[in-house]
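In this note's numbering, the protein residues as written are 1 to 227.
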């Protein structure tokens, strides 16, 4: 049996697509995000929810590779369709934060929390915003809330540990890094595990042998946001 192309629709070249699971969610990545941008609204044959899901994945990938314009346009479109989507507010806030638009990032994080006060990742991301402004105590509070909502949120444990270190609270920082390492041992994040081990050993060495060397060695781990 042969199939003919639909009239008026040009045959598109095959694009390599990678499918993988992240936290139980099916992800799609496109190695050419700008082509994805050009065809973002060409999937009228999909159900609205599937079309939004595909656009959301394209937007996330675009943000990861630095195509912030397409990412923002996509999240704007998604929020027009889904004005109470906490996840989309959180993700748009991440893009604003990456662009240095801090006020817009905070507004989106607050909207995300308004629509879903139990979304742990948005507290982690808002904490990163406070840390960027030097509001370390507010940052610690938001990391604490992220951990309370999701006790195995290894990124929040690490980020809070970094903040404790910047506040010269080395014992608390070390406890956070050790807790993150314990959690990470039950995942497949071997690279993060090695970095955490370096974090712990450097922190211990910095306090007990060569004061200050821990801070110099720990720059390899920085705060990260979560989509």
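Here a beta-carbon is modelled for each residue, glycine too, at the ideal position from N, C-alpha and C.
Note that the coordinates shown come from a computational prediction; the quantities given were computed from them, not determined experimentally.
For residue i, the first and last residue of its enclosing alpha helix (DSSP H)
| i | result |
| --- | --- |
| residue 143 | 136-149 |
| residue 67 | Element bounds for residue 67: n/a, residue is neither H nor E. |
| residue 287 | Here the chain covers residues 1 to 227 and nothing more, so residue 287 does not appear. |
| residue 153 | It is not in any alpha helix (DSSP H) - residue 153 carries neither H nor E in the DSSP assignment. |
| residue 121 | 120-132 |
Assigned secondary structure, residue i (DSSP; H/G/I helix, E/B strand, else coil)
| i | result |
| --- | --- |
| residue 87 | helix |
| residue 185 | coil |
| residue 117 | coil |
| residue 47 | coil |
| residue 72 | helix |
| residue 169 | coil |
Residue environment, residue i, which counts as buried when at least 16 other CB atoms sit within 10 Å
| i | result |
| --- | --- |
| residue 118 | exposed |
| residue 120 | buried |
| residue 171 | exposed |
| residue 133 | exposed |
| residue 145 | buried |
| residue 96 | buried |
| residue 86 | buried |
| residue 61 | buried |
| residue 50 | exposed |
| residue 103 | exposed |
| residue 76 | exposed |
| residue 108 | buried |
| residue 179 | buried |
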